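In this text, residue positions in the sequence shown follow UniProt numbering: the first is 1, and each later residue adds one. Backbone N, C-alpha and C fix where the C-beta goes; we use that ideal spot for every residue, glycine too. The model shown is predicted, which means the values in this text are computed figures rather than measured ones. Remarks on the structure that follows.
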Amino acid sequence: KLNVPLQQYGPRGLRHACATRLMEAGLSLAQIGMHLGHSDVDATRLYAKVNMKALRRVADIDIGEYL
């Protein structure tokens, strides 16, 4: 379940919201593109917006503990 409020989005907005939620769930752009029916990952990039909160979490990871 993606928890997307359908009343707030038109068809294109729904695709953007779903792509973003799938990206937040850990799917790659290639996987999301396959789900959306894209033949090119560049098209998928337009739909999947970066969640800045998630990006900050990644930026705060101390990679030294993984080396």
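Worksheet item: By DSSP, does Leu46 sit in helix, in strand, or in coil?
Response: Here DSSP, grouped into helix, strand and coil, assigns Leu46 to helix.
Practice prompt. Write down the C-beta distance between Ala19 and Thr44 rounded to the nearest angstrom, noting that I regard them as a contact closer than 8 angstroms.
Written response: 7 angstroms
Worksheet entry | Proximity of Val41 and Leu22 at Cβ, strictly below 7 angstroms | no
Discussion item. I'd like the list of long-range same chain contacts for Tyr47, defined as Cβ closer than 7 angstroms, with 5 residues on each side in sequence excluded.
Written reply: Arg15, His16, Ala19, Leu36
Discussion item. Between the alpha carbons of Gln31 and Ser39, how many angstroms are there, rounded?
Written reply: Spanning the two alpha carbons is a distance of roughly 11 angstroms.
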